[in-house]
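Protein sequence lines, in the order shown, are assigned to chains V and B.
Be aware that the first sequence starts at 218, since it is given in my numbering, and climbs by one per residue.
Be aware that the second sequence starts at 12, since it is given in my numbering, and climbs by one per residue.
Just so it is clear, CB atoms sit at the ideal spot from N, CA and C, and this is done for glycine as well.
This structure is a prediction, so every number in the text was calculated from the model and none was measured.
The block underneath contains the structure these notes are about, expressed in structure tokens.
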Amino acid sequence: MYSKVKSCAVAGVDGRTIMVEADVHDGLPMFTMVGYLSSSVKEAAQRVQTALKNSGYHLPAKRITVNLSPADLKKDGSGFDLSIAVAVLLAMGIVSEYDMNHVMILGELSLDGSVRPIRGVLPMVNQAAIEGCKICIVPKNNTKEAALVRHIEIIGVDSLLECVEYLQGIRKIEPEKTTNLFCEEECECTSLDFSEVKGQESIKRGMEIAAAGFHNVLLCGPAGAGKSMLVKRLPGILPRMTFEEQLEVTKIYSVGGKLNQEGSLIYHRPFRSPHHTISEQALVGGGRIPGPGEVSFAHMGVLFLDELPEFQKHVLEVLREPLEERKICISRLHASYEFPADFMMVAAMNPCPCGNYPSSRCQCTPKQIQNYQNKVSGPLLDRIDIRMEVRAVGHNELFEERKQETSKQIRKRVEKARRIQQQRFVNDKISFNSQLDGKQIETYIRLDYEAQQLLEERFMTNHLSMRGLHRVLRLARTIADLEDSEMVLLPHLQEAFFYRNEELFTREVGVCEIRI
Amino acid sequence: MRNQDMMHLWFDGNPAISLKLRQYLLARFGSVEALYEMDAATLLAISQQVGYEEAANRLLERRNVGFLESQMERLDKHRVTLLYEEKNAYPDKLRHIYDSPRLLYAVGKLDKSLDFYNQNLAIVGARNADTYHRETTRVFARELAKNGIHIISGLARGIDSEAHIGCLEGKGYTVAVLGCGINVTYPKEHISLYERIKEEGLVLSEYGLDVAPNPFQFPARNRIISGLSDGVLVTCAKKKSGSLITADLALEQGKQVYAFPGRIMDALSEGNNDLIKMGALCVTKPEDILLDLWGEEKMDFEPSKNTKEEEDKKNNLAPEEKLVYSCLDLDPVFVDELVKASKLGVSKTISVLYGLETKGLVKQTMRGYYIKNI
Chain V
218 MYSKVKSCAV AGVDGRTIMV EADVHDGLPM FTMVGYLSSS VKEAAQRVQT
268 ALKNSGYHLP AKRITVNLSP ADLKKDGSGF DLSIAVAVLL AMGIVSEYDM
318 NHVMILGELS LDGSVRPIRG VLPMVNQAAI EGCKICIVPK NNTKEAALVR
368 HIEIIGVDSL LECVEYLQGI RKIEPEKTTN LFCEEECECT SLDFSEVKGQ
418 ESIKRGMEIA AAGFHNVLLC GPAGAGKSML VKRLPGILPR MTFEEQLEVT
468 KIYSVGGKLN QEGSLIYHRP FRSPHHTISE QALVGGGRIP GPGEVSFAHM
518 GVLFLDELPE FQKHVLEVLR EPLEERKICI SRLHASYEFP ADFMMVAAMN
568 PCPCGNYPSS RCQCTPKQIQ NYQNKVSGPL LDRIDIRMEV RAVGHNELFE
618 ERKQETSKQI RKRVEKARRI QQQRFVNDKI SFNSQLDGKQ IETYIRLDYE
668 AQQLLEERFM TNHLSMRGLH RVLRLARTIA DLEDSEMVLL PHLQEAFFYR
718 NEELFTREVG VCEIRI
Chain B
12 MRNQDMMHLW FDGNPAISLK LRQYLLARFG SVEALYEMDA ATLLAISQQV
62 GYEEAANRLL ERRNVGFLES QMERLDKHRV TLLYEEKNAY PDKLRHIYDS
112 PRLLYAVGKL DKSLDFYNQN LAIVGARNAD TYHRETTRVF ARELAKNGIH
162 IISGLARGID SEAHIGCLEG KGYTVAVLGC GINVTYPKEH ISLYERIKEE
212 GLVLSEYGLD VAPNPFQFPA RNRIISGLSD GVLVTCAKKK SGSLITADLA
262 LEQGKQVYAF PGRIMDALSE GNNDLIKMGA LCVTKPEDIL LDLWGEEKMD
312 FEPSKNTKEE EDKKNNLAPE EKLVYSCLDL DPVFVDELVK ASKLGVSKTI
362 SVLYGLETKG LVKQTMRGYY IKNI
């Protein structure tokens, strides 16, 4: 007798439906599995047979064939166990009356017949909902995560027996309630607050602009100036994610097996800070069957690269495409996988090898400084809009009692700017000013007369390249949004010029001055 | 003429023979021409008697028209003029100094006004000078250049380059004396300054094509810097500094020495403060130097025409601009400090600073650091 059950595999961060077929017929007693399987799936045969026996079902002395289709997709992982077992029982005629066309079954089996949790449940259940399934059977431990998906009933099972009895209609299992979907109430995500940072006014303002327009940032300053301290407080002022964004991020973490036990949605924008010894594969994702890398884990959030020049050069270069495309495509022998990677890059570096420049304590030669700064390639720097110089705070500022703005206050302004951008880009595929391309800049950015004059003057005196122009306009747009201004006015443009990422020290004679 | 150039290139342009040895050979054999014409056997025989066989061999090796022609062609390509005592263009002031250079390579405008008295000022100082010293040096060079003073320096980092830049800003004539080959730019980042001095001023070197910047060559070129000048201005120098060598040489050559007063305890000013203690003229205004060079009766210092305009500009500032401007100095101030002092908030302060920058009153020395523009 022949049977068919739906299961699911993960390719990249999206689920792909797998049909599990089983057939029981006369012949030499044998359990065969086909369908381009990796070894972990082949081992399922042993697990399923034993689990069936230990759950009280005796396999007949017949020939059992199991096929996982489509046959051209390499199947990996242990999530097919439960569906294989159910398919075999169906073929044996034990579970018969149930309409399996609207059911998806996920889960790994243990030898005693209990069902163990698996990775990537969220994208799989999501796929089931897209396919039009009505019910999805998942391991009990994964139910919370699975319940994030709407319009599908989630049945959590602890053992194979439970699952079979449910399908036979003997046992009733309450579908898991769709969990608190979008928590409108803002949750204080970090205990780190900007009010703890003394002084550094210009940097805080720069961070605010960066957060509002999702601009990439480079912080440059001596050791101990507080670069990391400032960056760690950045997630606290980023605008909240929409439900769709949260779901997307959670999917990535689900696939990466990094979701917490409660399996709740990820509400806060991620903050990833890989160590500078990281490899290319770990950064953008990789492996034989590729999994997401740090750039994808930082999707919708911050990727903080501390000590930027210490990263291996070729590792940094792989960031170029994801920064441009906002996704990363990894090709391997079996297939190519796409992971989202729409992140905000925040990099920090020392200005020179000894870290003290521009103070007089710095003993580095101009050449050493130049060499150190040249470690970061031009094309990468080109993708960074904001550059800020961080200076160690003096003792008088450190002990000064002055009211500092809290992250909450800053975030309020950021959220407002975000809303303005959302309205503006309602018909476009982008959501932040930093993603504006040349043509969109022309449509969306209008300057008043004075600002136009400044821009023209800068252009005439060769202080501005075309690329630099776009960068400065994008920044100016964000600043104008923060000030709730329809037009970009002169002060906005001036501030953008201050924060833009450009080497400005070419004198009239063209001498490259690097030491002050 | 070309023949003579070739002879001098052969004799004085041979890096293997020191100036001392050349002086000796000339004393012995009369002139470069005589040496060039002398047949090999005689030259060797005489040299053997006095133990200069090796030098003679070196000279003979290169006494080959083809080789010298190719050298001359390369020099022509670099637009290099050879200067030696017989030439009219050779700077008169160098004829009278001790160890006067026998051969100079020159690129740029050869100006006879270099020989006028009380017109040339050498400006020397530390390579790693701070912003204050660099700015003041540049302004002095600019103001003096406007009054027709030629500025002579060594195209090194720091003070030297500021002196040249200031002079070019004042549309003056500047001479760079290199301590390396005439076609070598050291340090490399000064390439465009070097090119510009070649166009508008003069580049001089005692060293021929492709000679690397060897350390011992720099003290030697200092005698040319002080020799060309009528006075030497030391703007900032550490206790043991190459600039003090130049000042010593200037005294030996009978030139005036000027120094900037520096702060007490400032390592970068120790050298020039010592000079003042020893009797160097302490200068605080460009006029001080002109007065000393020209004397009371000939003095007609012309202040920069725009001084009055500048004053007007400063007086007509908006209150906010005045406030921010008053917080600035010649030492770079970080923007956060300005925000704090002016209490204007970040955006407003930045906007005001840009306004001041457009008016030319303020400049950014490095990202986020501002000074007064003088």
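Own chain residues within Cβ distance below 7 Å of residue i, not counting five before or after
{"i": "residue 483 (chain V)", "result": "463, 466, 467 and 470"}
{"i": "residue 324 (chain B)", "result": "370 and 372"}
{"i": "residue 451 (chain V)", "result": "424, 428, 519 and 563"}
{"i": "residue 445 (chain V)", "result": "523 and 565"}
{"i": "residue 341 (chain V)", "result": "225, 227, 232 and 323"}
{"i": "residue 362 (chain V)", "result": "338, 339, 471, 476 and 480"}
Residue range of the alpha helix (DSSP H) that includes residue i
{"i": "residue 690 (chain V)", "result": "683 to 699"}
{"i": "residue 238 (chain V)", "result": "First-last for residue 238 (chain V): 231 to 242, but that is the beta strand (DSSP E), not the alpha helix (DSSP H)."}
{"i": "residue 646 (chain V)", "result": "From DSSP, residue 646 (chain V) is part of no alpha helix (DSSP H); its letter is neither H nor E."}
{"i": "residue 225 (chain V)", "result": "Run containing residue 225 (chain V): none in the alpha helix (DSSP H); it sits in the beta strand (DSSP E), 219 to 228."}
{"i": "residue 151 (chain B)", "result": "142 to 157"}
{"i": "residue 714 (chain V)", "result": "707 to 716"}
{"i": "residue 423 (chain V)", "result": "418 to 430"}
Partners in chain V for residue i, counting only beta-carbon separations shorter than 8 Å
{"i": "residue 276 (chain B)", "result": "Those do not exist, as residue 276 (chain B) stays about 13 Å from chain V at its closest Cβ, beyond 8 Å."}
{"i": "residue 149 (chain B)", "result": "The contacting residues do not exist; residue 149 (chain B) stays about 10 Å from chain V at best."}
{"i": "residue 153 (chain B)", "result": "Within chain V, no residue comes near residue 153 (chain B); the closest Cβ sits about 12 Å away, beyond 8 Å."}
{"i": "residue 350 (chain B)", "result": "418 and 419"}
7 Å Cβ cut-off: residues of chain V touching residue i
{"i": "residue 357 (chain B)", "result": "418, 419 and 422"}
{"i": "residue 81 (chain B)", "result": "Going along chain V, no residue has its Cβ under 7 Å from residue 81 (chain B), so there is no contact; the nearest lies around 33 Å."}
Chain-order list of residues whose beta-carbon lies under 6 Å from that of residue i (same chain, five-residue window excluded)
{"i": "residue 283 (chain V)", "result": "239, 250 and 301"}
{"i": "residue 563 (chain V)", "result": "434, 448, 519 and 521"}
{"i": "residue 317 (chain V)", "result": "222"}
{"i": "residue 178 (chain B)", "result": "152, 156, 162 and 185"}
{"i": "residue 528 (chain V)", "result": "493"}
{"i": "residue 506 (chain V)", "result": "293"}
Neighbouring residues, chain B, relative to residue i (Cβ below 7 Å)
{"i": "residue 711 (chain V)", "result": "361, 362 and 365"}
{"i": "residue 715 (chain V)", "result": "361"}
{"i": "residue 708 (chain V)", "result": "358 and 362"}
Cutoff 8 Å; reference residue i; Cβ partners in own chain excluding five residues on either side
{"i": "residue 707 (chain V)", "result": "665, 667, 668 and 671"}
{"i": "residue 327 (chain V)", "result": "264, 268 and 333"}
{"i": "residue 401 (chain V)", "result": "At residue 401 (chain V) the pLDDT is 48, less than 50, meaning the model places this residue with poor confidence and gives no usable figure here."}
{"i": "residue 380 (chain B)", "result": "343, 344, 345 and 346"}
{"i": "residue 609 (chain V)", "result": "438, 439, 441, 442 and 443"}
Partner residues on chain B for residue i, Cβ-Cβ distance less than 8 Å
{"i": "residue 583 (chain V)", "result": "168, 198 and 200"}
{"i": "residue 577 (chain V)", "result": "141"}
Proximal chain V residues relative to residue i, where beta-carbon distance stays under 9 Å
{"i": "residue 345 (chain B)", "result": "419, 606 and 608"}
{"i": "residue 192 (chain B)", "result": "Within chain V, no residue comes near residue 192 (chain B); the closest Cβ sits about 20 Å away, beyond 9 Å."}
Boundaries of the beta strand (DSSP E) in which residue i is found, first to last residue
{"i": "residue 275 (chain B)", "result": "Segment: none, residue 275 (chain B) is in no beta strand (DSSP E) and carries neither H nor E."}
{"i": "residue 280 (chain V)", "result": "280 to 286"}
{"i": "residue 554 (chain V)", "result": "553 to 557"}
{"i": "residue 547 (chain V)", "result": "544 to 548"}
{"i": "residue 565 (chain V)", "result": "561 to 566"}
Below-8 Å beta-carbon distance, residue i vs any chain A residue
{"i": "residue 177 (chain B)", "result": "Among the protein chains of the structure shown, namely V and B, there is no chain A."}
Examine the Cβ distances between the segment 230 to 237 of chain B and the segment 140 to 154 of chain B and report whether three or more of them are shorter than 8 Å. no
inquiry  = At 4 residues or longer, what runs of the alpha helix (DSSP H) sit wholly inside the segment 461 to 527 of chain V?
reply    = 497 to 501 and 511 to 514
Margin query: Extract the residue ranges of the alpha helix (DSSP H) inside the segment 579 to 654 of chain V, only unbroken runs of 4 or more that lie entirely within it.
Written below: 583 to 590, 595 to 598, 612 to 615 and 624 to 641
Could you tell me whether the segment 624 to 636 of chain V touches the segment 689 to 708 of chain V, where touching means 3 or more Cβ pairs closer than 8 Å? yes
| request: Pair every Cβ in the segment 419 to 428 of chain V with every Cβ in the segment 527 to 536 of chain V, then say whether three or more of these pairs are closer than 8 Å. | output: no
- Task: Entirely within the segment 225 to 270 of chain B and at least 3 residues each: give me those beta strand (DSSP E) ranges in chain order.
- Result: 242 to 247 and 267 to 270
**OP:** Within the segment 321 to 401 of chain V, note down every full alpha helix (DSSP H) run reaching 4 residues or more, in order along the chain.
**Re:** 338 to 348, 360 to 363 and 377 to 385
Which runs of the beta strand (DSSP E) spanning at least 3 residues fall entirely within the segment 61 to 127 of chain B, listed in chain order?
-> 92 to 94 and 115 to 119
| said: Tell me whether the segment 223 to 234 of chain B and the segment 31 to 50 of chain B touch, counting them as touching only if at least three CB pairs, one residue from each stretch, are closer than 8 Å. | reply: no
### Query
Hey, is the segment 541 to 554 of chain V in contact with the segment 350 to 365 of chain B, meaning 3+ C-beta pairs nearer than 8 Å?
no
request  = Could you tell me whether the segment 114 to 126 of chain B touches the segment 95 to 102 of chain B, where touching means 3 or more Cβ pairs closer than 8 Å?
outcome  = yes
Any 3 or more C-beta pairs closer than 8 Å across the segment 583 to 593 of chain V and the segment 377 to 397 of chain V:
no
Check: Between the segment 128 to 139 of chain B and the segment 212 to 225 of chain B, do at least 3 Cβ pairs fall closer than 8 Å?
Finding: no
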